[in-house]
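> Quick one: structure below, then a few questions.
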């Protein structure tokens with residue numbers, strides 16, 4: 287895809303309201319996520335950031351009490367209209383705050399998604415595994431023990447394994463939910479570098495508690511506060527004080543939250 | 365200087381007391397096991413021999429061995445497993461992995477618990493009505509094994525469900541988020557990590573089935589049979605019923621004979637349990653998270 291092409295909206299959200307039982311977690315969010323951008327979402331805990339991500343790939347279906355109203359369009363089509371939710375989810379990679387190394391070998395962790403897609407040829411799988419682990423900055427550490435268990439890696443390594451697994455889906459959209467919580471600062475910086483490169487191919491939604499991380503990575507950043515979508519702006523604007531709402535300035539400057 | 369207060373000391377004394385009390389109760393558990401095994405070995409040991417295991421009873425069951433009963437019990441248990449394991453495991457997979465949490469699921473779970481609580485003699489009568497008469501299996505291994513299968517289904521279902529539930533939910537969600545279907549998730553992540561628990565449940569079921577008497581005495585097991593069963597439609601002798609018969613129904617049985625039968629029966633069960641423990645130890649070494 288040409289870099290000069292006008293940015294297309296990959297995700298469009300209209301009037302999104304999320305409730306758990308009777309409690310609203312997020313109300314009336316309308317925004318668009320452009321193709322090939324890193325879209326940051328910041329806000330204190332309990333602001334509805336994770337709920338927002340869950341609505342994008344219909345993860346709400348795993349949580350009986352969670353109800354989603356409003357429209358979420360992915361790639362021009364309302365996610366509710368995907369009759370095959372599995373096809374939708376396979377195009378969206380997700381990384382949770384706590385790493386989930388599946389209880390299988392490192393190799394199998396990364397080869398799982400390609401296998402689910404029906405790829406059987408060993409050479410092809412080898413190539414995908416190496417590419418994804420390299421991108422997730424994990425290859426050098428594990429290339430000699432791909433047959434050991436993924437769930438026995440250290441927390442930071444498991445998180446990179448999780449990222450490699452998400453990349454192995456060859457997703458159009460990558461949802462990162464506070465991926466750096468269990469990762470040491472040096473590795474975090476390495477992953478951040480990888481994310482900047484990945485932007486060429488994947489659209490990334492980055493939910494983070496670290497406002498500086500959003501500043502380093504995100505092209506645009508949305509601020510969520512207590513279930514309210516406060517504003518969305520170019521990241522630099524947000525951090526240079528050109529904000530529409532004074533609460534945003536207070537938050538990014540660390541006066542609360 | 366640091367001193368333990370009066371309260372500290374009291375807590376420490378109470379701690380010792382409770383520890384001792386719980387330990388005592390645990391120790392008590394050993395007593396019946398040791399007594400049963402001890403009595404059986406002392407009194408039944410003399411009856412045991414290779415011949416005892418591999419010959420037929422003779423002299424109106426007052427002498428000879430237990431071979432037809434031993435073979436019969438193996439038949440009964442094997443067929444019961446063939447019936448109950450596929451049904452039980454499939455039902456548990458449905459309940460744990462697919463079923464929505466609604467009143468129907470809760471009702472089904474309640475039924476399973478109640479099924480486990482039904483006395484085995486009631487199962488026996490159900491077996492007569494359902495398998496012997498209605499399905500016309502007659503007095504046969506098949507009818508007896510089906511009855512045993514119904515009796516032990518709750519054990520299989522509950523054990524399987526528990527081991528499926530022990531697989532962390534995060535693994536499932538991670539898999540679903542990659543676009544895996546429920547079945548792909550079950551096959552690649554959930555089952556491989558719960559198989560040890562499932563097998564343990566199955567082996568537990570085996571040891572329980574081995575000793576059941578009431579459910580088979582009206583449906584497939586007979587006092588004395590001069591030949592070995594040739595198919596599942598034949599009646600058979602069984603160890604548990606044989607023990608009952610030689611201990612209470614036949615006059616003039618030498619003392620050591622019933623003890624010998626009981627020893628063989630309990631030996632079968634202990635062998636299964638030992639296998640189960642060995643299996644668990646082996647799989648624990650391969651624990652993946």
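Residue numbers (the working numbering), protein chains in the order written: chain A, 287 to 543; chain B, 365 to 653. In this text, a Cβ means the ideal position worked out from N, Cα and C, and glycines have one as well. Computed from a predicted structure; not experimentally measured.
1. Given that a residue counts as buried once 16 or more other Cβ atoms are within 10 Å of its Cβ, and exposed if not, what is residue 540(B)?
2. Candidates 328(A), 300(A), 305(A): which alpha carbon is nearest residue 362(A)'s?
3. Going by C-alpha distance, which of 485(A), 342(A), 424(A) is nearest residue 367(A)?
4. So residue 564(B) packs on residue 643(B), CB below 8 angstroms; how close in whole Å?
5. Using only the alpha-carbon positions, how far apart do residue 437(A) and residue 473(A) sit?
6. In its own chain, which residues sit with a C-beta less than 6 angstroms from the C-beta of residue 463(B), not counting the 5 before and 5 after it?
7. Tell me the rounded alpha-carbon separation between residue 447(B) and residue 352(A).
8. If residue 601(B) and residue 436(B) are in contact, beta carbons under 8 angstroms, what's the gap, nearest whole angstrom?
9. Can you name the residues of chain C whose CB is closer than 8 angstroms to the CB of residue 400(A)?
10. Give me the subset of the region 538 to 551 of chain B whose CB atoms are less than 9 angstroms from a CB atom of chain A, sorted by chain position.
11. So if DSSP puts residue 352(A) in a beta bridge, which residue, or which two residues, is it bridged to?
12. Does chain B have any CB closer than 8 angstroms to the CB of residue 352(A)?
13. For residue 381(B), count the other beta carbons within 10 Å of its own beta carbon; 16 or more makes it buried, fewer makes it exposed. Which is it?
14. Is residue 415(A) close to chain B? Criterion is C-beta to C-beta, closer than 8 angstroms.
15. Between the C-alpha atoms of residue 383(A) and residue 459(A), what's the straight-line distance to the nearest angstrom?
16. Identify every run of the beta strand (DSSP E) within the region 475 to 502 of chain A, keeping only runs that are complete inside it and at least 3 residues long; order them along the chain.
17. Would you give the residue range spanned by the alpha helix (DSSP H) that residue 293(A) belongs to?
18. Let's test the definition: count the other Cβ atoms within 10 Å of the Cβ of residue 427(B) and tell me whether it reaches 16, buried, or not, exposed.
19. So, under 8 angstroms CB-CB, residue 603(B) and residue 433(B) are touching, yes? Tell me the CB distance rounded to an integer number of Å.
20. What is the residue span of the beta strand (DSSP E) that residue 508(A) lies within?
21. I'd like to know whether the C-beta atoms of residue 572(B) and residue 516(B) end up nearer to each other than 8 angstroms.
22. Going along chain B, which residues have a C-beta under 7 angstroms from residue 348(A)?
23. Exposed or buried, which one is residue 439(B) when buried takes at least 16 other CB atoms within 10 Å?
24. Could you please give the first and the last residue of the uninterrupted alpha helix (DSSP H) stretch that includes residue 605(B)?
25. Count the other C-beta atoms from every protein chain shown that fall within 10 angstroms of the C-beta of residue 407(A), then say buried if there are 16 or more, exposed otherwise.
26. Compute the Euclidean distance between the alpha carbons of residue 397(A) and residue 416(A), then round it to the nearest angstrom.
27. In chain B, what lies closer than 7 angstroms to residue 306(A) by C-beta?
28. Assuming residue 575(A) is part of the beta strand (DSSP E), what are its boundary residues?
29. Quick one: which chain A residues come within Cβ less than 7 angstroms of residue 465(B)?
30. Express the C-alpha separation of residue 477(B) and residue 480(A) in angstroms, rounding to a whole number.
31. Return the chain-ordered ranges of every alpha helix (DSSP H) run that is complete within the region 404 to 435 of chain A and spans a minimum of 4 residues.
32. Relative to the C-alpha of residue 311(A), which residue among 337(A), 329(A), 330(A) is closest?
33. Any beta-carbon of chain B closer than 8 angstroms to the one on residue 373(A)?
34. For the beta strand (DSSP E) holding residue 380(A), just list the boundary residues, first then last.
Walking through what the data contain:
1. buried
2. 300(A)
3. 342(A)
4. 7 angstroms
5. 18 angstroms
6. 469
7. Just so you know, the alpha carbons of residue 447(B) and residue 352(A) end up roughly 40 angstroms apart.
8. 5 angstroms
9. Although the question refers to chain C, the structure presented lacks it and instead comprises the protein chains A and B.
10. 538, 539, 540, 541, 542, 543, 544, 545, 548
11. Looking at the DSSP assignment, residue 352(A) forms a beta bridge with 306(A).
12. no
13. exposed
14. no
15. Taking the straight line joining both Cα atoms gives about 17 angstroms.
16. If we require 3 residues or more, the beta strand (DSSP E) runs fully inside the region 475 to 502 of chain A come out as 489 to 494.
17. It is not in any alpha helix (DSSP H) - residue 293(A) carries neither H nor E in the DSSP assignment.
18. Looking at its Cβ environment, which holds fewer than 16 other Cβ atoms inside 10 Å, residue 427(B) is exposed.
19. 5 angstroms
20. 506 to 511
21. yes
22. Those are 537, 540, listed as they occur along chain B.
23. buried
24. 603 to 608
25. exposed
26. Answer to the nearest angstrom: the Cα atoms are 10 angstroms apart.
27. What residue 306(A) touches in chain B: nothing, since even the nearest Cβ is about 15 angstroms away.
28. Coverage of chain A is limited to positions 287 through 543, which leaves residue 575(A) absent and any answer about it impossible.
29. 350
30. 53 angstroms
31. DSSP runs (the alpha helix (DSSP H)) wholly in the region 404 to 435 of chain A: 408 to 421, 425 to 428.
32. 337(A)
33. With 8 angstroms as the cut-off, residue 373(A) counts as an interface residue toward chain B.
34. 378 to 381
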